[in-house]
Amino acid sequence: MFQQFPFPAAHTIDLRAWEFITLCAANGIDARLVGGCVRDALLYGDPLSSSRRRGSRPLTSTDIDIAIKAHPPDVIAFCKTHRLKCIPTGIAHGTLTILFKGLVCEVTSLRADINTHGRHATVTFGASFEEDAARRDFTMNALFVDHQQILYDAFDGLSDLRSGHVRFIGDPALRIAEDYLRLYRYFRFWGRFGKGEADISVLPVLDTIKDALSQLSIERVQSELLKILILPWPGAVLKSMMHYGLLNYIFGEEIDCAAGIKALRRLATLERFSGHSPCAVRRLCALTQSQNISDIFKLSRMQKRKIGSLNKTITEPDYEIALTHPEWWVDSMLLKDALSTDHLWSCRARAKTLTSPPPFPLTGADVIARGPAGAQIGEVLTAVKRQWIASGFTLDRNACLACLKYKTLHHSLE
Ligand code: ATP
Ligand code: MG
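FYI, in this note's numbering the residues of the sequence shown are 176 to 589.
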C-alpha cells in the first residue's frame with residue numbers, strides 16, 4: 176500500500192512533464208512521474224529537505240521517466256490521437272519514447288516482471304502501480320507522483336532517500352539474481368545518495384555470483400563504472416567496491432586498488448579546487464594507474480588514444496600532448512600530480528593555474544621564409560617547439576621567431 180504525501184518540489188521538474196501527465200489524466204489515463212526525476216527533485220528541490228546538499232542549486236530535471244496505466248498499443252493510439260511522436264524504443268518491456276513539445280519522455284506501461292533470469296525478464300502488462308513499484312530496484316527509485324502532485328511511496332523510499340540509505344526492494348540476493356546489473360547499480364546509487372561506505376553486508380558473497388556476473392555485457396558494466404567515476408567524490412563507494420572484491424574482479428588481481436583510490440581521491444580534490452570538471456577517462460587512468468584496460472573495456476579509438484597518452488605521463492612527462500592534443504594537457508598534468516607523492520597543497524596551487532596550452536605561434540611558412548628547406552624545415556620547427564614547451568608555453572611569437580633565428584643559424588653551421 177502506498178503512503179501519500181504532497182509533492183514539495185514540482186518546480187524542479189520540467190513543466191512539460193506535468194502537462195503531459197495532465198493530458199493523460201484528462202483522457203482517463205493514469206500516468207505518473209517515477210524514478211530519477213522524482214527522486215532528484217525530492218533531494219535537491221525540496222526547500223525543507225535536511226538532506227538537500229549544501230550549495231546545490233535545484234536544476235530543472237529533463238530526464239523524465241513515466242509509468243502509465245495503459246497497455247503499449249493504447250499508449251500508441253493515444254499518441255496518434257494527440258499527434259505526438261512516439262518511438263518504440265523498448266516495446267518488449269513496454270517502453271515508448273514520446274516527444275512532448277520537445278521534451279523526451281520515457282513512458283513505460285505498468286508491468287510486473289515474471290521469469291527474470293539474470294538480465295532479461297519476461298514481462299506482463301496490466302499491473303497495478305503497487306506491482307510496478309515492486310519490480311523496481313531500490314526504495315528511493317519507486318516513488319511516483321501524479322498530475323495532482325501527490326507523491327506515492329510504497330516502501331518508505333522517502334525516508335531512505337533522506338537518510339542516505341540505498342535499500343533494495345525485497346531480498347537483495349534475490350533481486351540481484353533477477354538482474355545482475357543491480358549489483359553495479361547498488362554501488363552507483365550508493366555513491367550518489369548513500370552516506371559513507373556502502374553496506375556490503377546485504378550483498379551475496381561475490382564468489383558465489385562471479386559466473387553469473389560474467390554474463391553481463393561489458394558495455395553495461397563499463398557504463399555503470401564510468402558513471403561512478405564521475406561522481407563528485409567517488410572514493411568512499413570505490414572503497415566499498417574494493418572491499419567487496421568487485422574492483423579486482425573487474426580489473427584483475429594485479430591492480431593495486433587501494434593506491435588507485437588514493438590517487439583518484441587526490442585527483443578529485445585537485446579538480447574541485449582548480450575548477451576542472453570531472454572527466455571519466457582521466458579518473459579511470461588514476462584508478463587503474465597506467466594499467467592497460469583497453470582489453471577489458473570497449474572504448475572508442477579516441478578514448479584509447481587518450482588513455483595511452485595520459486598513462487605515458489606517469490612514467491615520463493609527455494610534452495608532445497601539448498602539440499597533438501592541447502585539450503589533454505590539463506588532464507595529463509592533473510593526473511601526474513594526482514599520482515605523485517608531492518604535497519597536495521603544492522599540487523593544488525599548480526592545478527589552479529593550469530590551462531590548455533595556446534596554439535604554437537609559428538608555422539612551417541615562418542621557417543621557410545628564413546631559409547631552411549626540405550627535411551630541415553621539420554627539424555628546426557621541432558627544435559623551436561621543444562624550447563616553447565620547455566618554457567611552459569610562455570614564449571610568444573616574437574620570442575619563438577628569435578629562437579627560430581638562432582636554431583636556423585645553428586643548424587646551418589652543423
Ligand atoms: P539516473 O539519474 O541514473 O537516470 P534513474 O533512477 O532515472 O537514475 P534509470 O536507469 O533511468 O535510473 O531508470 C529509471 C527507473 O527504472 C529507476 O528509477 C528504477 O525505478 C527503474 N529501473 C531501472 N533499471 C532497473 C533495474 N535494473 N532493475 C529494477 N528497476 C530498474
Ligand atoms: Mg533516468
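Ideal placement from N, C-alpha and C gives every residue a C-beta, glycine not left out.
Quick caveat: nothing in here was measured; it's all calculated off a predicted structure.
*Could you tell me which residues DSSP pairs with A252 in its beta bridges?*
Residue pairing by DSSP places A252 opposite no residue, since no beta bridge is assigned to it.
*Helix, strand or coil for L274, going by three-state DSSP, please let me know.*
It is a strand residue.
_If you follow the alpha helix (DSSP H) that N486 is in, where does it begin and where does it stop?_
For N486, the enclosing alpha helix (DSSP H) begins and ends at 476-490.
*Distance between I204 and F368 (C-alpha atoms, nearest Å)*: 32 Å
*asked:* Assuming Y327 is part of the beta strand (DSSP E), what are its boundary residues?
replied: 325-328
*Does ligand 2 have a heavy atom nearer than 7 Å to the CB of D238?*
yes
*asked:* Let me check you understand the geometry: is the CB of G211 closer than 7 Å to at least one non-hydrogen atom of ligand 2?
replied: yes
*With a Cβ-Cβ cutoff of 8 Å, do W503 and L485 count as a contact?*
Contact annotation: W503 and L485 have beta-carbon atoms nearer than 8 Å.
_Pop quiz: P453 and I405 are said to be a contact at Cβ under 8 Å. What is the actual Cβ separation, rounded to whole angstroms?_
Going by Cβ atoms, the distance from P453 to I405 rounds to 5 Å, so yes, they are a contact pair.
_Separation of Q324 from P181, as counted between CA atoms_ = 6 Å
*Considering K260, what are the terminal residues of the alpha helix (DSSP H) in which it resides?*
K260 -> not in any alpha helix (DSSP H); beta strand (DSSP E) instead, spanning 260-265.
*What does a CB cutoff of less than 7 Å around A216 pick up in its chain, not counting 5 residues either side in sequence?*
These residues qualify, in order along the chain: A184, T187, I188, S236.
*What are the residues that DSSP puts in a beta bridge with I241?*
Among the bridge pairs identified by DSSP, I241 is matched with L208, V282.
_Member of F535, G546, R572, A544 whose CA lies at the smallest distance from the CA of T557_ = F535
*In chain order, what residues of the same chain have a beta carbon less than 8 Å from the beta carbon of C522, not counting five sequence neighbours either side?*
R441, L445, D512, A513, S515
*Decide if the segment 279-295 is in contact with the segment 253-270; the criterion is three or more beta carbon pairs, one per stretch, under 8 Å apart.*
yes
*Neighbourhood of L413 by C-beta, 6 Å cutoff - its chain only, sequence neighbours within 5 removed*: I436
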